[in-house]
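Chemist: So in the numbering used here, the last one in the sequence shown is 133, and the numbering has no gaps at all. Built from N, CA and C at the ideal position, the CB exists for glycine as well.
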Amino acid sequence: MKNKITWKPTQIQELRSKYSSNQQRILRVTGLSEEDYFWKIVEIGCQLLHELYPKEEGYENYYESIAYSSDYWKWFKYEWKVFENNIIEGYAEDLCLEVWLNEVEVLPTSDELEHCYNTFFLKYSKFKI
Numbered sequence: 005m006k007n008k009i010t011w012k013p014t015q016i017q018e019l020r021s022k023y024s025s026n027q028q029r030i031l032r033v034t035g036l037s038e039e040d041y042f043w044k045i046v047e048i049g050c051q052l053l054h055e056l057y058p059k060e061e062g063y064e065n066y067y068e069s070i071a072y073s074s075d076y077w078k079w080f081k082y083e084w085k086v087f088e089n090n091i092i093e094g095y096a097e098d099l100c101l102e103v104w105l106n107e108v109e110v111l112p113t114s115d116e117l118e119h120c121y122n123t124f125f126l127k128y129s130k131f132k133i
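(1) In whole angstroms, what separates the C-alpha of G49 from that of T10?
(2) On the criterion of 16 or more Cβ atoms from any shown chain inside 10 Å, does L117 qualify as buried, or is it exposed?
(3) Report yes or no: do the region 99-115 and the region 52-63 share at least 3 C-beta pairs separated by less than 8 Å?
(4) When you compare only the Cα positions, how much space is there between L101 and G35?
(5) Only counting runs of 4 or more residues, tell me where the alpha helix (DSSP H) segments fall wholly within the region 34-65, in order along the chain.
(6) Taking the beta carbon of V46 as the centre, do at least 16 other beta carbons fall within 10 Å, making it buried, or is it exposed?
(7) Note down, in chain order, each residue of its chain lying with its Cβ closer than 7 Å to the Cβ of R29, except the 5 sequence neighbours on either side.
(8) Is it buried or exposed for W43, if we count other Cβ within 10 angstroms and need 16 for buried?
(9) Does the distance from the CB of Y1 to the CB of Y41 come in under 7 Å?
(10) Which of the three DSSP states is assigned to C120 in this structure?
(11) Using only the alpha-carbon positions, how far apart do P13 and S25 sit?
In structure tokens:
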């Protein structure tokens, strides 16, 4: 008799699957297209940079350098996935477009996100200002 080999997904595979289903649920609940959803992520990522590096206060070079950094967008995409997970867990059955938009709009001014930016992105990324 042959031994049956069972396959177990890695932790990374499990997270990817979970985060993918989170995005699909948000798209379904909010009625947004994938394109609109993508551009909302870009918009919020740029708003965060504007909060951290206001162009009108002389930080335009920092803003532009980081806005074009692939490291920044990789970091932001990860933080966005964490945000998605938290909003789904926090609102469960009450999630709708209005709730989602309200949560998204305050994300760029979030102290927690700024802390993650300072603690993780600036400290560990290969990007140098």
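Modeler: In this structure, then:
(1) Rounded to the nearest whole angstrom, the C-alpha separation of G49 and T10 is 41 Å.
(2) By the neighbour-count rule (16 or more Cβ atoms within 10 Å), L117 is buried.
(3) Counting Cβ pairs under 8 Å, three or more are found: they touch.
(4) Rounded to whole angstroms, L101 to G35 spans 7 Å at the Cα level.
(5) If we require 4 residues or more, the alpha helix (DSSP H) runs fully inside the region 34-65 come out as 38-56.
(6) Exposed, since its Cβ has fewer than 16 Cβ neighbours within 10 Å.
(7) Excluding residues within five positions, the ones whose Cβ falls inside 7 Å are I92.
(8) W43 comes out exposed.
(9) It is not possible to answer for residue 1, since the shown part of the chain is limited to 5 through 133.
(10) Assignment of C120 by DSSP, reduced to helix, strand and coil, places it in the helix class.
(11) C-alpha separation (whole angstroms): 16 Å.
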